[in-house]
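J.: So that we are looking at the same thing, I have put the structure below in structure tokens.
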Amino acid sequence: AFTQRVFSGIQPSGDLHLGNYLGAIRRFVPLQDTHETIYCVVDMHAVTVWQEPDALRRATREVAAAFIAAGIDPARSIVFNQSQVGQHAELAWVFNCVARIGWMNRMTQFKDKAGRNSENVSLGLLAYPSLMAADILLYKATHVPVGDDQKQHLELTRDIAAKFNNDYAAAIAAEGLGAMDGAFFPMTDPLIAGPATRIMSLRDGTKKMSKSDPSDQSRISLLDDADAIARKIKRATTDPAELPHAVEELAGRPEADNLVGIYAALSDRDKQDVLAEFGGQGWGVFKPALAELAVSVLAPISGEMRRLLDDPATIDAVLREGAGRARAIAETTMDEVRRIVGF
Ligand code: ADP
Ligand code: NA
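Printed below as a string of structure tokens:
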């Protein structure tokens with residue numbers, strides 16, 4: 002048994018893409034060797050913005066299929082979807098009453114997603130970080146692998162844990178539920194493995210590749226076939242200059258930097274190493290090499306995903322079994338929380 006426990010989740014809110022794979026899913030796989038691992042399809046987060054019910058069901062299976070196709074083993078990791086374990090909503094409510102509205106209003110992702118329309122987005126979108134804190138703390142996860150876009154939310158998780166521990170310190174002690182330091186919930190740490198991988202849009206190197214921007218068709222989907230991948234890389238925006246020899250010379254060239262970064266991430270090399278090979282070459286040489294590399298990495302994953310998605314009953318069975326294991330842990334925590342709160 003491992004002493005450290007990892008929790009992470011992906012929203013079923015659209016097509017999974019290369020950024021989700023390189024920035025998140027791929028990093029989940031080796032953690033199975035060193036940590037107890039819990040990977041969740043966070044469908045309750047997805048509905049903070051409107052989702053067609055059938056599309057949500059499809060996307061939920063697609064994220065589960067991507068987890069498994071990428072190498073997450075449901076026998077070693079708990080793989081489930083959030084809405085099947087009601088304790089997530091139950092703890093999130095308690096956290097809604099612990100967290101302060103001012104904390105939520107400060108979240109940059111809420112400001113980005115709500116835009117100028119912040120009075121007319123769902124209340125769930127504002128409260129999103131409280132549900133995320135519940136996801137993590139139900140399992141008393143010690144570590145969460147997060148992209149830099151989620152760091153602020155993880156800090157809020159720690160703030161909520163600290164305020165709960167403090168507000169209920171007397172009850173935690175009276176129930177004998179504190180750890181050595183008296184705390185009930187742990188301070189979960191981010192897990193930062195190597196340089197942060199942030200994949201940018203192939204159309205505009207200053208925006209991140211995102212599944213929630215329907216106007217951007219340049220995104221490389223994990224279900225794309227080889228032709229689609231090659232076509233999207235061929236069409237990727239670039240400047241006219243050739244590839245530089247030194248990584249410093251990528252500064253001020255976001256599209257070039259992104260494509261070199263994608264090559265580096267896909268081949269597990271650093272960008273300087275890639276430039277040592279391709280510096281001085283034009284895009285006519287680099288793009289086909291990148292396309293070939295991307296296809297070699299992604300084709301086995303998309304093939305396995307398609308095979309799994311042809312048999313939705315099997316995916317549903319995996320998710321149900323995972324929910325059973327998740328619920329056992331979540332109910333233990335929730336039972337203790339009820340005693341602490343006075344429910
Ligand atoms: P999206 O931002 O595409 O809607 P999510 O918010 O569900 O996706 O993010 C799922 C995971 O994928 C998170 O861990 C996030 O950090 C990571 N991720 C999303 N987009 C990118 C990207 N462009 N580059 C690297 N990682 C990303
Ligand atoms: Na995100």
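Numbering (the UniProt record's numbering), first residue to last: 2 to 344.
For each residue, glycine too, the CB sits at the ideal point set by N, CA and C.
What do you reckon, is the C-beta of V7 under 7 Å from a heavy atom of ligand 3?
T.: In terms of ligand content, the structure shown lacks ligand 3 and carries ligand 1 and ligand 2 instead.
J.: D150: beta carbon under 7 Å from a heavy atom of ligand 1?
T.: Along the sequence shown, one-based indexing puts residue 150 at 149. Under cutoff, so the answer is yes.
J.: Report the three-state DSSP secondary structure of H18 (helix, strand or coil).
T.: In the sequence shown, residue 18 corresponds to position 17, counting from 1. If DSSP states are grouped into helix, strand and coil, H18 belongs with the strands.
J.: For the beta strand (DSSP E) containing V81, name the first residue and the last one.
T.: As a first step, residue 81 must be located in the sequence shown, where it is residue number 80. For the sequence presented, residue 81 should be read as Phe rather than Val. Per DSSP, F81 belongs to the beta strand (DSSP E) from 79-82.
J.: So does the segment 8-19 actually touch the segment 88-95, counting three or more Cβ pairs closer than 8 Å?
T.: no
J.: Less than 7 Å separating the Cβ of K212 from some heavy atom of ligand 1?
T.: Counting from 1 along the sequence shown, the entry for residue 212 is found at position 211. Checking every heavy atom of ligand 1 against the Cβ of K212, one is found closer than 7 Å.
J.: How far does the beta strand (DSSP E) with I173 in it extend, from its first residue to its last?
T.: Here residue 173 refers to the residue found at position 172 when the sequence shown is read from its first residue. That residue, I173, is in no beta strand (DSSP E); its alpha helix (DSSP H) goes 170-175.
J.: Taking only runs of the alpha helix (DSSP H) that begin and end inside the segment 200-258, which ones reach a length of at least 4 residues, in chain order?
T.: Entirely contained in the segment 200-258, the alpha helix (DSSP H) runs reaching 4 residues are, in chain order, 227-236.
J.: Report all residues from its chain with a CB closer than 6 Å to the CB of V42; omit the five preceding and five following residues, and keep chain order.
T.: In the sequence shown, residue 42 corresponds to position 41, counting from 1. Excluding positions up to five away in sequence, the list reads P13, T61, V64, A65, N82.
J.: With a threshold of 8 Å, are at least 3 pairs of Cβ atoms found where one atom belongs to the segment 139-154 and the other to the segment 321-331?
T.: yes
J.: For F287, report the span of its alpha helix (DSSP H) as first-last.
T.: Locating residue 287 in the sequence shown gives position 286, counting from the first residue. Counting along the chain, the alpha helix (DSSP H) containing F287 begins and ends at 284-310.
J.: For Q5, which residues from the same chain have a beta carbon less than 8 Å from its beta carbon, with the 5 sequence-adjacent residues on both sides left out?
T.: Your numbering for residue 5 matches position 4 in the sequence shown. T35, H36, E37, T143, H144, listed in sequence order.
J.: Which of the three DSSP states is assigned to S119 in this structure?
T.: Translated into the one-based positions of the sequence shown, residue 119 becomes position 118. Of the three classes helix, strand and coil, the one that applies to S119 here is coil, per DSSP.
J.: Please work out which residues of its chain come closer than 8 Å, Cβ to Cβ, to A227, disregarding the five sequence neighbours upstream and downstream, and give them in chain order.
T.: Sequence index remark: in the sequence shown, residue 227 carries index 226 (1-based). If we look at A227 and ignore the five residues flanking it on each side, its Cβ neighbours are V296, A300.
J.: Which of the three DSSP states, helix, strand or coil, is assigned to P130?
T.: To locate residue 130, count along the sequence shown from 1; it is residue 129. The answer is helix: DSSP assigns P130 an H, G or I state.
J.: Within this structure, are the beta carbons of L126 and A135 separated by less than 8 Å?
T.: Here residue 126 refers to the residue found at position 125 of the sequence shown. Here residue 135 refers to the residue found at position 134 of the sequence shown. Taking 8 Å as the Cβ cut-off, L126 and A135 do not qualify as a contacting pair.
J.: Could you check what DSSP says for I73 in three-state terms: helix, strand or coil?
T.: The residue given as residue 73 occupies position 72 in the sequence shown. I73 falls in the coil class under three-state DSSP.
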